[in-house]
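Given below as structure tokens:
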């Protein structure tokens, strides 16, 4: 998940709608069925107005399978809570839902999603492997990747000649040029998202993974974050506040605040998502034409992005699962996905679009973004994600504030994750 709004689409599959929507029983709403009919699609707030035209297009072609759009809030935690409440109530009116990449495991483990197998099977051969992995639980695909994302380094090319590939290079590039604050005659050096929310989990995980550390083992429940590697990664952020290469104001930054600071010329480097490119090149931006984009740096070379993005999933409680599956697959077609990229600057999940000449001309950062996604490390894939991310946020934030040492923060993080997943 990236803790901001993100919409894109994916890949064409070779199944006809007649196969997907062949009607059998009407379905009871609590198991698999092959029924067609009207559905409701639930997704986070669509600030880019991407969804209404797409749904109107679908509805024009499917008069008996109309889709109604229901928008949630623009806050990821509120979206998650809303979905959990409706799934727990076995609400048949939440037919197709947008699933953040870090929610898939929990939803699948609790039996809330229809597996994309059999007649619902999705052709994943043209999709970015990382997006497919994030939508898979226990070897089964439970959601259709339709939007990917990766963290990127935005840098002022008018202030530094080339993008840094290591943390030391980034810090060196700032020496003598910047202020430890984002006010005054000199810009601050570097900022990401360090407020106590999901964005901090992303930034902390990127730093830890770049240094060779992990947070939770591949079993999805065993913590392994109290290590020298994890300490080295988190120290990059902790020392940033101590030494001043991260402005002290950044302790409250979410995506919008870091973007605003960079756009106003108050930062040399910023970690953010691809959507920021369009805003930074938009009207009123003080850095329009003065910045470029590169992969995130790490301790000894390019770092590791956290994988962001969303998938579409069909509810196990939907009475019209066949229509839900058909709508999901329709959203996987290149025409819809290209529209989402050009309309909402949203990252594709079809690998070939990243080398499409026309799209690269319009979005020059696509090859860099592809590299970011291909080397991305998912945040902990676990059915206990809400508790795991809370453990990361609380303890990493305490370390960034200087309330505890890096070592103590990681020990507390390890203990909290073990308690949540045990």
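In this note's numbering, the protein residues as written are 102 to 523. Glycine included, each C-beta is placed from N, C-alpha and C at the ideal position.
Are there 16 or more other CB atoms within 10 angstroms of the CB of residue 131, so buried, or fewer, so exposed? Only weak support is given to the placement of residue 131: the predicted model assigns it a pLDDT of 49, under 50, and the value that follows is read from those uncertain coordinates. With fewer than 16 other Cβ atoms within 10 Å, it is exposed.
Backbone secondary structure at residue 398 - three-state DSSP: In the three-state reduction of the DSSP assignment, residue 398 falls in the strand class, which pools E and B.
Using CA atoms only, rank isn't needed, just tell me which of 141, 298, 160 is closest to residue 491. 298
Using C-beta distances below 7 Å, list every residue in its chain close to residue 327, excluding the 5 sequence neighbours before and after it, in chain order. Contacts found: 511, 512, 515.
Mapping DSSP to helix, strand and coil, what is residue 172? strand
Cβ pair residue 448, residue 470 closer than 9 Å: yes
Where does residue 161 land, buried or exposed, given buried means 16+ other C-beta within 10 angstroms? exposed
Is residue 444 closer than 9 Å to residue 246 when the C-beta atoms are compared? No, the Cβ-Cβ distance between residue 246 and residue 444 is not below 9 Å.
DSSP three-state assignment for residue 247, whether helix, strand or coil: In the structure shown, residue 247 sits in a strand (DSSP, three-state: E or B).
Presumed contact (8 Å Cβ cut-off) between residue 306 and residue 407, rounded CB distance: 5 Å
Rounded to the nearest angstrom, what separates residue 209 and residue 182 at their Cα positions? C-alpha separation (whole angstroms): 16 Å.
Identity of the residue in 424, 410, 425 nearest residue 252 by Cα: Among 424, 410, 425, the Cα nearest to that of residue 252 belongs to 410.
Out of curiosity, what's the CA-to-CA distance linking residue 231 and residue 225? 11 Å
Quick check: what's the CA-CA separation for residue 358 versus residue 164? 43 Å
7 Å CB neighbourhood of residue 339 in its chain, flanking five on each side removed: 500, 501, 507
When 157, 158, 134, 197 are compared against residue 145, the one with the closest alpha-carbon: 197
Within 10 Å of its beta-carbon, does residue 396 have 16 or more other beta-carbons around it, so buried, or fewer, so exposed? It is buried - the Cβ of residue 396 has at least 16 other Cβ atoms within 10 Å.
Pick from 291, 436, 138: whose alpha carbon is nearest that of residue 337? 291
List, from N- to C-terminal side, the beta strand (DSSP E) runs of 3 residues or more that fit wholly inside the stretch 210-273. 245-251, 253-257
Measure the beta-carbon distance from residue 322 to residue 485 and round it to whole angstroms, keeping in mind my assumption that it falls under 8 Å. 7 Å
I'd like the span of the beta strand (DSSP E) that includes residue 182, first residue to last. Counting along the chain, residue 182 falls outside any beta strand (DSSP E), though it belongs to the alpha helix (DSSP H) covering 177-189.
For the candidate residues 191, 202, 456, whose alpha-carbon lies nearest to that of residue 303? With distances taken between Cα atoms, residue 303 lies closest to 202.
Just mark residue 186 as buried or exposed, buried being the case when its beta carbon has 16 or more other beta carbons within 10 Å. exposed
Can you tell me which of the three DSSP states residue 432 falls into? coil
Can you list, in chain order, the residues of its chain whose CB lies under 7 Å from that of residue 505, leaving out five sequence neighbours each side? 499
Within its chain, find whatever has a CB closer than 6 Å to the CB of residue 113; leave out the 5 residues flanking it on each side and keep chain order. Interpretation of residue 113 is limited by its pLDDT of 32, a score under 50 that renders its predicted location unreliable; the figure taken from the coordinates is listed afterwards. For residue 113, where only same-chain residues beyond five positions count, the Cβ hits under 6 Å are 434, 435.
Suppose the cutoff is 8 Å on Cβ atoms and the five residues either side in sequence are ignored; what does the same chain contact list for residue 275 look like? 290, 291, 346, 369, 370
Nearest-angstrom Cα distance between residue 219 and residue 364? 48 Å
Classification of residue 503 by the beta-carbon crowding that lies within 10 angstroms, buried from 16 upward: exposed
Which residue marks the beginning of the beta strand (DSSP E) containing residue 149, and which one marks its end? Per DSSP, residue 149 belongs to no beta strand (DSSP E) and is neither H nor E.
Mapping DSSP to helix, strand and coil, what is residue 346? Here DSSP, grouped into helix, strand and coil, assigns residue 346 to coil.
Burial state of residue 126, where buried means 16 or more other Cβ atoms lie within 10 Å: Confidence at residue 126 is low in this model, with a pLDDT of 33, below 50, so the placement of that residue is unreliable and no value is reported for it.
Using C-beta distances below 6 Å, list every residue in its chain close to residue 195, excluding the 5 sequence neighbours before and after it, in chain order. 143, 187, 416
For residue 430, count neighbouring C-beta atoms within 10 Å of its own C-beta (all shown protein chains included) and say buried if the count is 16 or more, exposed if not. buried
What residue range does the alpha helix (DSSP H) around residue 525 cover? One cannot answer for residue 525 here, as it falls past the ends of the chain, which runs 102 to 523.
Proximity below 9 Å, CB of residue 309 to CB of residue 334: yes
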